[in-house]
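J.:
Residue numbers (the numbering used here): 420 to 645.
(1) Could you round the C-beta distance between residue 636 and residue 497 to whole angstroms and report it? I think they count as a contact, below 8 Å.
(2) Have a look at the DSSP bridge pairing and note the partners of residue 449.
(3) Run the CB neighbour count on residue 628, radius 10 Å, all protein chains shown included, and call it buried at 16 or more, exposed below.
(4) Would you decide whether residue 421 is buried or exposed? Buried here means 16 or more other CB atoms lie within 10 Å of its CB.
(5) Leaving out five residues on either side along the sequence, give the residues of the same chain with a beta carbon under 6 Å from the beta carbon of residue 495.
(6) What is the rounded straight-line gap between the Cα of residue 559 and the Cα of residue 552?
(7) Enumerate in chain order the residues of its own chain whose CB-to-CB distance from residue 639 is below 6 Å, with the five nearest sequence positions on each side excluded.
(8) Cβ of residue 450 versus every heavy atom of the ligand MN: is any distance shorter than 6 Å?
(9) Less than 7 Å between the beta carbons of residue 520 and residue 575, yes or no?
(10) DSSP three-state label for residue 492, please.
(11) DSSP three-state call for residue 466: helix, strand or coil?
(12) Exposed or buried, which one is residue 461 when buried takes at least 16 other CB atoms within 10 Å?
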């Protein structure tokens, strides 16, 4: 018996999160959202909602449990939460702030991968697979002193996501670090486009094979290697 297609978005904001929920819902997916600003219940669009604070990795397990209970095992997991602390002088960043940033940018998404993989055998037994997507950026390849904490987090997560693709490729699970770029390959920064992300996420979710794990793309062009 086939399982329903279920998308769980961890960290659902008004740009990438909203656009992704809308596109996947239109594509036949049941959608669950988890974010600090949400309350447990159902949104106006019919999405299942859960309150979650990803500075506390235990929130990840709670979000998965709520999703499994109401919709079923997630077939696509998008980790879209991020902590961005500006540091004019990078080593003025407090250890406490760095620790909190790493919890959101590294530890909680790692916990989400663990929870997602816990459902892999059930998905495979029903003829489904798992897609794990992390909203990345170019900070795993370039360094800006003012974004030290975010860059450390993105770099660390890009590392373990590549390991995920290496270990689980061909075994029912796909892993992606998705990074929008400008046409010349430079970091998109604040110019990221939510709808463009959603389109690429859906392509990756529907693909039957592991695509490029460090998935750089340009709006309107799709995947582009830089």
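For each residue, glycine too, the CB sits at the ideal point set by N, CA and C.
T.: This is what the structure gives:
(1) In the chain shown, the residue the question calls residue 636 occupies position 217. In the chain shown, the residue the question calls residue 497 occupies position 78. At roughly 15 Å, the Cβ-Cβ gap does not stay under 8 Å, so residue 636 and residue 497 are not in contact.
(2) Within the chain shown, numbered from 1, the residue matching residue 449 stands at position 30. Answer is 425, bridged to residue 449.
(3) For this step, residue 628 is matched to residue 209 along the chain shown. So residue 628 counts as exposed.
(4) If you number the chain shown from 1, residue 421 lands on position 2. So residue 421 ends up on the exposed side.
(5) One-based indexing of the chain shown puts residue 495 at position 76. Closer than 6 Å at Cβ, skipping near neighbours: 426, 550, 624.
(6) Indexing the chain shown from 1 puts residue 559 at position 140. Indexing the chain shown from 1 puts residue 552 at position 133. Approximately 16 Å, taken between the alpha carbons.
(7) Indexing the chain shown from 1 puts residue 639 at position 220. So the list is empty, once near-sequence residues are dropped.
(8) This structure lacks the ligand MN, and indeed carries no ligand of any kind.
(9) Numbered from its first residue, the chain shown carries residue 520 at position 101. Numbered from its first residue, the chain shown carries residue 575 at position 156. No, these two residues do not count as a Cβ contact at 7 Å.
(10) For the purposes of this step, residue 492 is taken as the residue at position 73 of the chain shown. If DSSP states are grouped into helix, strand and coil, residue 492 belongs with coil.
(11) Against the chain shown, residue 466 aligns to sequence position 47. Residue state, collapsed to three classes: coil.
(12) By one-based count along the chain shown, residue 461 stands at place 42. With fewer than 16 other Cβ atoms within 10 Å, it is exposed.
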